[in-house]
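A short write-up of the structure that comes next.
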Amino acid sequence: QVQLVESGGGLVQAGGSLRLSCTASGSIFSPHVMGWYRQAPGKQRELVARVSSGGNTNYADSVKGRFTTSRDNAKNTVYLQMDSLKPEDTAVYYCNLLDSLARNYWGQGTQVTVSS
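The number in our numbering is simply the position in the sequence shown, starting from 1, with 31 added.
Next comes the structure, spelled out in structure tokens:
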């Protein structure tokens, strides 16, 4: 089993920054992809950003140029640096790990609220 523990959410004004962290533990089959999804009230969960074990990244168009994801493989930790935040970025952010056996694991979620 794999556990994901997130931290770093909170309340910030528009234009501000937040950094999310997520550390994985347990039986992790590599290579694996780690990433971030978000879900706003009344909306479906959507991909924000993800990074492979080799460092390849993908971003949602809505966050390109504002968010940066990175990972520390030695610590099994993935980060999401969020800059120039907008009110529409308000959501619960979930850490995700997709292992080499195509199993998905999710964190408990962390609230990000951006005030206008």
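The C-beta atom is built at its ideal place from N, Cα and C for all residues, glycine as well.
Query                                                                                                                                  : Result
What is the rounded straight-line gap between the Cα of D130 and the Cα of V43?                                                        : 33 Å
On the DSSP bridge assignment, give the partners of A122 in chain order.                                                               : V143
State the Cα-Cα distance for the pair D114 and T144, rounded to the nearest angstrom.                                                  : 13 Å
Are A122 and Q75 closer than 8 Å when you measure CB to CB?                                                                            : no
Over what stretch of residues does the beta strand (DSSP E) that includes L132 continue unbroken?                                      : No beta strand (DSSP E) holds L132; DSSP gives it neither H nor E.
Just to confirm, is the Cβ distance from L51 to T108 under 8 Å?                                                                        : no
How would you label N127, buried or exposed, when you count the other beta carbons within 10 angstroms and need 16 or more for buried? : buried
Classify N89 as helix, strand or coil using the three-state DSSP reduction.                                                            : strand
Please classify A71: does DSSP put it in a helix, a strand, or coil?                                                                   : coil
Could you check the C-alpha separation between S56 and L35 for me, to the nearest Å?                                                   : 7 Å
Would you kindly check if the distance between the Cβ of L116 and the Cβ of L49 is under 8 Å?                                          : yes
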